[in-house]
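Read in the numbering used here, the sequence shown has 18 at position 17, and its numbers run on one by one without any break. Inspection log for the structure reproduced underneath, given as structure tokens.
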Amino acid sequence: GVYPPPPGASDLPGLEASGEVAALGDEISRWRVGDRVCALTPGGGYAEYVKVHAGSVLPLPAGFTHTEAAAVPENYFTVWHNVFERGALKSGETLLVHGGSSG
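Structure, rendered in structure tokens:
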């Protein structure tokens, strides 16, 4: 459609990606070339190669295909942001998720 990407984001569609690490920046120590990962991207997730911030990368969940794992990042980071960053949930507190199936 005509939805404009955020400034600096790729014009290519796709906010999530899954695959293997092909290259790393000099400062990256958590990941290795060949690691199976999924990531939240600022755009361009449907491209053959995607460059993402290391903090937006997750290990591929055990037993997941790349197709299944590509659906994980948006949900994971949305929950993390809302529960821990905005909601400030702390150890010992209880969280009730009501209607968490979306739709």
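Quick reminder that beta carbons are idealized off the backbone N, C-alpha and C, glycines included.
Note down the Cα distance separating residue i from residue j, rounded to an integer number of angstroms.
i   : j   : result
E75 : L13 : 17 Å
Y50 : A10 : 15 Å
L96 : K52 : 34 Å
A71 : G88 : 26 Å
Do residue i and the ligand COA come close, with the Cβ less than 7 Å from some heavy atom?
i   : result
A89 : Here there are no bound small molecules, and the ligand COA is not part of this structure.
Residue i by DSSP, collapsed to three states: which one?
i    : result
S114 : The question about residue 114 has no answer here: the residues shown for the chain are numbered 2 through 104.
A18  : strand
A55  : helix
Who are the Cβ neighbours of residue i in its own chain at under 6 Å, not counting the five residues just before and after it?
i   : result
A55 : I29
Based on DSSP bridge pairs, tell me the residues matched to residue i.
i   : result
L25 : Its beta-bridge partners do not exist; DSSP assigns none.
V38 : G20, P60
Short of 8 Å in beta carbon distance, which residues of its chain neighbour residue i, apart from the five on each side in sequence? Order them along the chain.
i   : result
G35 : E21, V22
L25 : W32, R33, V34
Starting from residue i and walking both ways along the alpha helix (DSSP H), at which residues does that stretch end?
i   : result
P74 : 73–81
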